[in-house]
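These protein sequences, in sequence, are chains A and B.
Heads up, the first sequence is in UniProt numbering, so the first residue is 1 and it goes up one at a time.
Heads up, the second sequence is in UniProt numbering, so the first residue is 1 and it goes up one at a time.
A short worksheet on the structure shown next.
2 protein chains.
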Amino acid sequence: MARTAGSDGEKTKAAIHAAALRLMARHGFEAVSMRQLAEEVGVQAAALYRYFPTKEDLLYTLMRTHMEGLIASWEAARPASGNAAAQLSAFVENHIRFHVARRHSTHVSNMELRSLSHERLTHILRLRATYEKELRQILRAGADAGTFRIEDMALTAMAIIQMITGVIVWFRPGERLSVEEVADTYHTMTLRLVGAPA
Amino acid sequence: MARTAGSDGEKTKAAIHAAALRLMARHGFEAVSMRQLAEEVGVQAAALYRYFPTKEDLLYTLMRTHMEGLIASWEAARPASGNAAAQLSAFVENHIRFHVARRHSTHVSNMELRSLSHERLTHILRLRATYEKELRQILRAGADAGTFRIEDMALTAMAIIQMITGVIVWFRPGERLSVEEVADTYHTMTLRLVGAPA
């Protein structure tokens, strides 16, 4: 608790991010105060306000970081070629890997949209739409190629995203299944869901 | 705001439930005070404490009501006979109908498990397990009959439940699709997910 912000601003910022995600995932955004957060990080409240003038600035940064990280992770993981089924499998695996490694961040990102100002909410929703569009394009490509059967593009994309994000609710590393085994089962289920030939 | 608890205790209790779900879904359990809740209902705080001595008593009641209602709705909707595919369709439809009619309640029930005492958490998790067991039994019956293809019973049950609960995130009555159309598309996707013949 006695540690103060040193010259290493990036380190302090990372510590603030981690502590904020931990506290907000546990108590909810509104219930966490900047004072409580400063204590958790081990800095003076004044130091915290230098990085984040308001609690909502902090929340927005956390959510933007989460979504930009997710988009970047998919850009890195997306196969350069391959049919829609291969693309879909890669999407499912990347999504599960990204989220199980970021449970608190996922929780806060999904729960606290209610606490963003209108303008910032719009920006986060735009990032989400960008990401979800990637999935819809894969689904569309599979449908156009005649390998996927999709009744409703928007519903199918939402169903898949909610199914694969839901893994964080129950998955714990080191228990019955590895993340590889989970991802494997989920991509089998997802391919069947879209009617891809086995 | 001037209304006080009349002789009609049930009415007041229902008003407390509705207001608590609304406030907690908006702000999070921890951020809502009993004083704020009393104001929202239009009763004195003392009246509120007569019904619910602690805020956690109230949360527990809300969650128990939700889960018991869900189990009862399935008991009423469950087909007396029919193969696993018919049972699964009925399960999906009932689940979607129940949850889209109770968005706040679903939100609070899924988010605020963190705020229950250990004993009460155990009870709520037991109710959830009872409900989810119904789904696993359907999946098991379909697998035993050779009509469903299921790699992992537990994962498949979780995937289906998260996919169909997720409808509340985006579904709004009166928009593009009716709840019937949504349920219809979801049960088609679910049947494919478990490899049921079309």
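All C-beta atoms, glycine included, are put in the ideal place defined by N, C-alpha and C.
- By the criterion of at least three beta-carbon pairs nearer than 8 Å, the segment 52-69 of chain A is in contact with the segment 117-129 of chain A.
- About 20 Å separates the Cβ atoms of A:Q87 and B:M163, ruling out a contact at the 8 Å cut-off.
- Less than 7 Å separates the beta-carbon of B:T188 from that of A:E151.
- Taking 7 Å as the threshold, the shortest C-beta distance from B:M67 to chain A does not fall below it.
- A:R192 belongs to the set of residues whose beta carbon lies under 7 Å from a beta carbon in chain B.
- Judged by DSSP in its simplified three-state form, B:F29 adopts coil rather than helix or strand.
- Rounded to whole angstroms, the gap between the alpha carbons of A:L37 and B:T54 is 26 Å.
- Taking a Cβ-Cβ cut-off of 8 Å, the neighbours of A:V182 in chain B comprise L155, given in sequence order.
- By the Cβ neighbour-count rule, A:S81 is exposed, with fewer than 16 other Cβ atoms within 10 Å of its own.
- Remark: three or more beta-carbon pairs, one from each stretch, lie closer than 8 Å, so the segment 91-101 of chain A and the segment 172-185 of chain A are flagged as touching.
- For the pair B:R172 and A:V43, the Cα-to-Cα distance works out to about 44 Å.
- Counting every other CB atom within 10 Å of its CB across the protein chains shown gives B:R192 a total of 16 or more, marking it as buried.
- Rounded to whole angstroms, the separation of the alpha carbons of B:L21 and B:Y49 is 17 Å.
- The alpha helix (DSSP H) runs lying completely inside the segment 44-92 of chain B and spanning 4 residues or more are 45-51 and 55-77, given in chain order.
- For B:S105, the enclosing alpha helix (DSSP H) has its first and last residue at R103 to M111.
- At a Cβ-Cβ threshold of 7 Å, B:E93 and B:A198 do not count as neighbours.
- For A:V194, there is no enclosing alpha helix (DSSP H), as DSSP marks it with neither H nor E.
- Using a Cβ distance threshold of 7 Å, A:A90 and A:A76 do not count as a contacting pair.
- Between B:M189 and chain A, the shortest Cβ-Cβ separation is below 7 Å.
- By the CB criterion at 7 Å, B:S105 and B:L59 fall outside the cutoff.
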